[in-house]
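Novice: Have a look at this one.
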Amino acid sequence: MEVHVRSIPLILVAVLAVSATSPAPAAPTIELSVGRGYLYAHSTLAVVEEDASLEFESVGSEGFVLRVAPGYEWSWGRARLAGELAVSYSNMRTGIRANVSYAGAYARATTGRIVMASGRIGAEVAPGTQVHGRVGYATMEYRSEIGALFGEIDERDTGEVQAVVAGAGIQVEFTPGWAVRGEYTHMNFERASEVEHIDDIEGIEGIEDIHLRWTIEPRIETITVSIVRVY
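With positions in the sequence shown counted from 1, the corresponding number in the numbering used here is that position plus 1.
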């Protein structure tokens with residue numbers, strides 16, 4: 002059976018009409034989450050010395066994730082639609098160390114605060130149980146260091162990168178107004194880079210000029226368990 006593309010909006014409207022004639026009033030929600038985060042960072046440290054370039058790559062690590070997310074939820078029969086603003090903290094990190102002419106060049110970064118605005122759409126598949134998908138946008142603050150172990154430079158800085166967010170989960174109500182939620186979230190952040198110039202490294206003869214160029218493309222995946230309060 003063939004369904005014309007123009008008929009899809011009418012079908013969606015019909016589904017909502019069958020679910021309910023009008024949406025229920027928006028219900029405030031608050032979510033408290035804890036879980037594990039996995040940082041997959043394609044990270045490259047390029048050391049440029051006397052017209053020669055060496056590159057070293059690293060991957061990331063895992064760490065804890067704590068999150069609080071207030072929002073609002075609307076209901077159309079079995080359909081659910083919500084908007085949330087989440088703030089989370091984590092301690093995932095990535096780093097590179099490269100021995101170049103005994104200078105011990107290094108670069109490392111640690112994740113910090115992540116602010117995420119997202120929408121959640123789902124459906125009640127059984128009494129008190131709903132499944133959902135999530136899409137949104139996130140900004141992550143990170144702390145970075147770049148320099149040489151045996152040099153005078155030890156540069157510390159903070160920065161921000163943005164990401165598109167996608168996720169999915171399931172929520173089960175265990176008493177009226179309270180539910181537990183499990184969710185997987187994927188955040189694909191943009192590339193960040195930093196450049197440092199190391200001059201006259203003390204105590205090492207023959208090294209007068211080293212450039213460190215560090216590029217990182219972080220991707221974060223989280224698995225969280227949440228307590229959700231629906232007012």
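Built from N, CA and C at the ideal position, the CB exists for glycine as well.
Can you give me the C-alpha to C-alpha distance between V126 and V173, rounded to a whole angstrom?
Specialist: The alpha-carbon atoms of V126 and V173 are separated by roughly 10 Å.
Novice: With distances taken from CA atoms, which of A42, N189 and L33 is nearest T111?
Specialist: Ranking the options by Cα distance to T111, first place goes to A42.
Novice: Taking the beta strand (DSSP E) that G64 belongs to, which residues open and close that run?
Specialist: From DSSP, the beta strand (DSSP E) with G64 extends over E63 to W77.
Novice: Please say whether M93 and S119 have beta carbons closer to each other than 7 Å?
Specialist: Cβ distance not < 7 Å, so S119 and M93 don't count as in contact.
Novice: Quick one: residues in its chain with C-beta nearer than 6 Å to the C-beta of L82, no 5 flanking neighbours on either side, listed in chain order?
Specialist: Excluding residues within five positions, the ones whose Cβ falls inside 6 Å are W75 and I122.
Novice: So T186 and G160 are in contact, right, with Cβ under 8 Å, and what is the actual spacing, rounded?
Specialist: In fact, because the Cβ distance is near 22 Å, the residues do not count as touching under 8 Å.
Novice: According to DSSP, simplified to helix, strand and coil, what is N189?
Specialist: The answer is strand: DSSP assigns N189 an E or B state.
Novice: Please state whether the Cβ-Cβ distance between R79 and A108 is less than 7 Å.
Specialist: No.
Novice: Tell me which same chain residues have a C-beta within less than 6 Å of the C-beta of Y39, skipping the five on either side of it?
Specialist: Closer than 6 Å at the Cβ level, and outside the excluded window around Y39, lie E63 and E222.
Novice: Kindly list the residues whose CB is nearer than 6 Å to the CB of E218, restricted to its own chain and excluding five residues on each side of it in sequence; keep chain order.
Specialist: Here the set comprises H43 and R192.
Novice: Report the residue from G36, I31, A139 and V136 whose alpha carbon sits nearest the alpha carbon of G183.
Specialist: With distances taken between Cα atoms, G183 lies closest to G36.
Novice: Relative to the C-alpha of V166, which residue among G178, G134 and I31 is closest?
Specialist: The residue with the shortest Cα to Cα distance from V166 is G134.
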